[in-house]
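If you're matching positions, the sequence shown starts at 1 in the working numbering and goes up one per residue. Cβ coordinates follow ideal geometry from the N, Cα and C atoms, glycine included. Note that the structure is a prediction, hence the values are computed from the model and not measured.
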Amino acid sequence: MAQAAYESATRDPEGSRLLAEGAEVLARAQHNAAAHSVARQAMGIAARSLGRNDEAVAHLRRGVSIALHAGLDRQAARCRVSLAPALHLSGSTRRAISTLDQATQSLDGQDRAQALTQQAMLQFVVGDLDAALSSLRRAIPVLRREGEQIWQARALTTRGVVRTRLGQFTTADADFAEAHRMFTSAGDAPDAAGALHNRGWAAAYRGDVPAALEHYDAAEVALTEAGIPTGALPLDRVQLLLFAGLAEEAWTLAESTASALAASGLHGSRADALLIASAAALAAGDTAAALGRAEDARIGFRRLGRSGWTALAGYAAVRARWGAGDYSARAFRLARRTAQELEAARLAGPALDSRLIAGRTALALGRKPAAFSELTAVAAARRRGTAEQRSRGWLAEALLRTEKGKTASAVRALRAGLDIIDRHRATLGATELRAHASNHGTDLATLGQRLAIESGRPAVILEWTERWRGAALRLAPVRPPDDRELATDLASLRSVHTDLAKAAAEGRPTSALARRRTTLEESVLRRTRRTSGSVSDSNRIATSHELAEVLGEHALVEIAAVDDRIYGVALVEGRLSLHALGDVPTVVKELDASRFALRRLAFQRGSRASVAAARAGIAHSGSRLEGLLIAPMLGFVGDRPLVIIPPGGLHTLAWSTLPSCASRAITIAPSATTWLRCARSRPPRGKRVALVAGPGLPGADDEVAALRELHPTATLLTGQAATAKAVCKAIDGAELAHIAAHGTFLGDNPLFSSLSMIDGPMTVYDLELLRRAPYRIVLSSYDSGLAGVRAGDELMGLAAALFPLGTSGIVASVVPVPDEATRPLMTALHRRVVAGDSLSQALASARSTLDLDDPVQYAAGAAFVALGAQ
Numbered sequence: 001m002a003q004a005a006y007e008s009a010t011r012d013p014e015g016s017r018l019l020a021e022g023a024e025v026l027a028r029a030q031h032n033a034a035a036h037s038v039a040r041q042a043m044g045i046a047a048r049s050l051g052r053n054d055e056a057v058a059h060l061r062r063g064v065s066i067a068l069h070a071g072l073d074r075q076a077a078r079c080r081v082s083l084a085p086a087l088h089l090s091g092s093t094r095r096a097i098s099t100l101d102q103a104t105q106s107l108d109g110q111d112r113a114q115a116l117t118q119q120a121m122l123q124f125v126v127g128d129l130d131a132a133l134s135s136l137r138r139a140i141p142v143l144r145r146e147g148e149q150i151w152q153a154r155a156l157t158t159r160g161v162v163r164t165r166l167g168q169f170t171t172a173d174a175d176f177a178e179a180h181r182m183f184t185s186a187g188d189a190p191d192a193a194g195a196l197h198n199r200g201w202a203a204a205y206r207g208d209v210p211a212a213l214e215h216y217d218a219a220e221v222a223l224t225e226a227g228i229p230t231g232a233l234p235l236d237r238v239q240l241l242l243f244a245g246l247a248e249e250a251w252t253l254a255e256s257t258a259s260a261l262a263a264s265g266l267h268g269s270r271a272d273a274l275l276i277a278s279a280a281a282l283a284a285g286d287t288a289a290a291l292g293r294a295e296d297a298r299i300g301f302r303r304l305g306r307s308g309w310t311a312l313a314g315y316a317a318v319r320a321r322w323g324a325g326d327y328s329a330r331a332f333r334l335a336r337r338t339a340q341e342l343e344a345a346r347l348a349g350p351a352l353d354s355r356l357i358a359g360r361t362a363l364a365l366g367r368k369p370a371a372f373s374e375l376t377a378v379a380a381a382r383r384r385g386t387a388e389q390r391s392r393g394w395l396a397e398a399l400l401r402t403e404k405g406k407t408a409s410a411v412r413a414l415r416a417g418l419d420i421i422d423r424h425r426a427t428l429g430a431t432e433l434r435a436h437a438s439n440h441g442t443d444l445a446t447l448g449q450r451l452a453i454e455s456g457r458p459a460v461i462l463e464w465t466e467r468w469r470g471a472a473l474r475l476a477p478v479r480p481p482d483d484r485e486l487a488t489d490l491a492s493l494r495s496v497h498t499d500l501a502k503a504a505a506e507g508r509p510t511s512a513l514a515r516r517r518t519t520l521e522e523s524v525l526r527r528t529r530r531t532s533g534s535v536s537d538s539n540r541i542a543t544s545h546e547l548a549e550v551l552g553e554h555a556l557v558e559i560a561a562v563d564d565r566i567y568g569v570a571l572v573e574g575r576l577s578l579h580a581l582g583d584v585p586t587v588v589k590e591l592d593a594s595r596f597a598l599r600r601l602a603f604q605r606g607s608r609a610s611v612a613a614a615r616a617g618i619a620h621s622g623s624r625l626e627g628l629l630i631a632p633m634l635g636f637v638g639d640r641p642l643v644i645i646p647p648g649g650l651h652t653l654a655w656s657t658l659p660s661c662a663s664r665a666i667t668i669a670p671s672a673t674t675w676l677r678c679a680r681s682r683p684p685r686g687k688r689v690a691l692v693a694g695p696g697l698p699g700a701d702d703e704v705a706a707l708r709e710l711h712p713t714a715t716l717l718t719g720q721a722a723t724a725k726a727v728c729k730a731i732d733g734a735e736l737a738h739i740a741a742h743g744t745f746l747g748d749n750p751l752f753s754s755l756s757m758i759d760g761p762m763t764v765y766d767l768e769l770l771r772r773a774p775y776r777i778v779l780s781s782y783d784s785g786l787a788g789v790r791a792g793d794e795l796m797g798l799a800a801a802l803f804p805l806g807t808s809g810i811v812a813s814v815v816p817v818p819d820e821a822t823r824p825l826m827t828a829l830h831r832r833v834v835a836g837d838s839l840s841q842a843l844a845s846a847r848s849t850l851d852l853d854d855p856v857q858y859a860a861g862a863a864f865v866a867l868g869a870q
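And the structure:
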């Protein structure tokens, strides 16, 4: 009975626990020490599988004690083999290794091979990879000869982990795949899930985000179906989220996982959680918190004797100091020492980055020999390793060439590094992963822009500003392979949103519905992130010659922010000019003041005097922003219509509040390359028009009814007919769509920004399922034009998502205004569109028809911008 409980402990931990408890009672009654010890061993393994590690340690120690007291040395050794991983999880890794040393002295054959397998895993944990491989070389042949599938699979899993750390990805994946097959065949669900998770970890280690997410998802599903806690496994997903640049999501998951680990008694994982929390804090911009967590993690790892992890915690501290602007001699010494520790632990990527930081710190200190030594070591990696490692190598090479006065050669190095990131980004299918991949090239692009500014050549500045601006939007969208399941999840998500609103309004409990909503949102995220893209030539940027051919009477202005200074490159009739503009802090201050005053004006908040003050504030900020952004270029661009390519932070600016832009036709685009593609695109055949009114929006039905008079053949969707599915069908491939619906912009997750339909929200993910987005679209609800900004001025949100899908022109708002105030503007705009105007021309003309002395109408006119080219 006790032996049966032991054999099923990992396969069926709850059942094994119950069987072992009965076996213990029977063994004690019969004074059977061997059965009593085995029963305790089974209870310990089951408790560990169920996430109750403190309980597991207690059971297994009792099993060892019972066996030793009865003179059962072999059974005591077997219990020690089971005790070792529990000790490791509790934070006593060195004690776990010594426990296994004791066990091997009393074991031979298969039992000794099992102990060696456990020992190899712990040797890996403390960074002794050679010793781990040596243990496995002695264990695996014995386990194969004996035909013991479970332990053979565990040995293969451990070897796969070691091989991954050594960069032997193909053989590592083969080990994990074979281990998964063996675990599955033996009915061991937890370890089978672990093998899947390890395949994900290896894929993440080599930079294959979609494959990693697919394996992680499969592992979590397997564990959930078996009713087994995930333990520390989510920490690997946190690391992957950080790799993808999803800092906020990583931080949330790291915090919740750390709490769960503490509650489960997995004390050895506390340092792991602290280390990952440090990385998340740094990615979120909190360098003080990042440094504090890193130092705590370093202390924890040192106490546990985990040298490799101690080095990684030191690396986290080095990154936090660099992020905080610490360029001191002490920071240099710490970075260089940490690089040496990381190299000793064979952690190539972090070692490379730590040396890069050391080199750049030495440059800041004016210590060129030391800087050149560190940077030369990093530059040697530019032709091997992951995409991030190779791009880092090219950055180091560019810095070396720059310091040697070889500017042209440095620029070639920067281009090579960015090309690597471009190719990596193109393999990612999910919009958000593509946008966040740009983070890895930010330093390369920044140095390129800095060198371009120093050259004083506007063509070079235009090229480098374009090189990294909105690059993810230049890629064609990739549909997930399971579109039908994604569509089902999106439909369910809308239903839950509707049910939540009803429950809240009726005072009923909403917690279960909220959990269901979270589950569905996570499912949508996972489906899209698991999609891979393919490398194409869509990363080619527009040249000034190509832009000039299409611009016609327009002038193009590309605005760049470099080292807190703003520069403008203007293109008029094929001629380029460079202009020094304002500084970033002042522009941000005036932008915030303008948006605040415009919102106040739109909603008539406060007394008549305060409304007048808001109007005066808008005028003041508009004049200031004019001087900081446009005035130096006016002599060159004249009164031409403008195409403005702003940095990400200026996409929320109401440009018509600037005096010279008040009556001018202006269109905004994420990049000149995106604008050129929009300008060159042709409308679909058939000239279909769709007019949509969402629920709960005052005046929406009247607004689209009035527009129907201007578009008599348009598809009209209002009331119960305006479902997300019907709207998507109506706007798919339309020449013009107008949607009057409540908009919701989510800054923390822009791709769940949405428009409200009668059956729930229509999100960016819904739009990405269209075969072709509307050629032109007007979004008359407020905040519909807002976008989240990521590294590389990558925009994420409703409006931004439409460009890669084929939309060429958008009118949307960037400042909230009362929905009922937009009707006069929309009617005037559509009248000009029917007359043949572009959206930017139509918007400028429509603005002139408003009563601009009326605060609300003025605010409504200023809130909307034209995006794209048509």
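Across the structure, PHE176 and ASN198 are spaced so that their CA atoms are roughly 7 Å apart. In the three-state DSSP reduction, ILE228 falls in the coil class, being neither helix nor strand. Counting along the chain, no alpha helix (DSSP H) covers ASP583; the unbroken beta strand (DSSP E) around it starts and ends at 575-583. As the crow flies, the alpha-carbon of VAL57 is around 15 Å from that of ALA9. Residue range 565-572 is occupied by the beta strand (DSSP E) that includes TYR567. The C-alpha of ALA602 lies about 14 Å from the C-alpha of ALA616. Close CB contacts of ALA250 within its chain, under the 6 Å cut and outside five residues either way in sequence, are with VAL238, LEU241, LEU242, ALA280 (chain order).
Our two residues, ALA380 and ASP443, have alpha carbons roughly 18 Å apart in a direct line. Excluding five sequence positions before and after SER106, the CB atoms of its chain that fall closer than 8 Å to its own CB belong to ASP73, ARG74, ALA76, ALA77, given in chain order. For PHE864, the pairing in a beta bridge is given by DSSP as SER813. In this structure, DSSP gives ILE758 a state outside helix and strand, which the three-state scheme calls coil.
LEU68 carries a helical assignment under DSSP once its states are collapsed to helix, strand and coil. For the pair ARG355 and VAL692, the Cα-to-Cα distance works out to about 57 Å. Burial check for GLN30: the Cβ neighbour count within 10 Å stays below 16, so the residue is exposed.
It is roughly 6 Å from the alpha-carbon of GLY314 to the alpha-carbon of ARG298. Taking the Cα of LYS687 as reference, the smallest distance to any Cα among ILE731, THR667, GLY649, VAL704 is reached at ILE731. Between ALA737 and ALA700, the gap from beta carbon to beta carbon reaches 8 Å or more.
Scanning VAL142, PHE803, ALA324, THR117 for the CA closest to the CA of ALA131 turns up THR117. Note on geometry: alpha-carbon atoms of LEU312 and GLU573 lie some 54 Å from one another. No Cβ-Cβ contact shorter than 8 Å links LEU578 with ILE666. Short of 7 Å from the beta carbon of LEU710, and not among the five residues preceding or following it, lie these beta carbons of its own chain, in chain order: HIS830, ARG831, VAL834. For TRP309, the CB contacts under 6 Å within the same chain, skipping 5 residues up- and downstream, are PHE301 in chain order.
Per DSSP, ARG776 lies in no alpha helix (DSSP H) segment; the continuous beta strand (DSSP E) that holds it begins and ends at 776-779.
Assignment of beta strand (DSSP E) within the region 601-648, counting only whole runs of 3 or more residues, yields 642-645 in chain order. For the set GLY160, VAL126, GLY405, THR224, the Cα lying nearest the Cα of ARG306 is the one of VAL126.
Short of 6 Å from the beta carbon of ILE66, and not among the five residues preceding or following it, lie these beta carbons of its own chain, in chain order: ALA33, HIS36, SER37. Here GLU553 carries a coil assignment [DSSP, helix/strand/coil]. Taking a contact as a CB-CB distance under 8 Å, the pair THR158 and MET182 does not count as one, their CB atoms being some 13 Å apart.
In the structure shown, HIS215 adopts helical secondary structure according to DSSP, grouped into three states. Take ARG847, set aside five residues on each side of it, and the residues of its chain with a beta-carbon closer than 6 Å to its own are GLY861, in chain order. Counting along the chain, HIS36 sits inside the alpha helix (DSSP H) bounded by residues 33-49.
Beta-bridge analysis with DSSP links VAL562 to ARG565.
Inclusion of ALA866 and VAL815 in the CB contact set at 8 Å is not warranted, their separation being larger than that value. Under the three-state reduction of DSSP, LEU166 is assigned to coil, being neither helix nor strand.
Taking a 10 Å sphere around the C-beta of VAL25, we find fewer than 16 other C-beta atoms and assign the residue as exposed. Rounded to the nearest angstrom, the Cβ distance from GLY733 to ARG771 is 6 Å, consistent with a contact under 8 Å.
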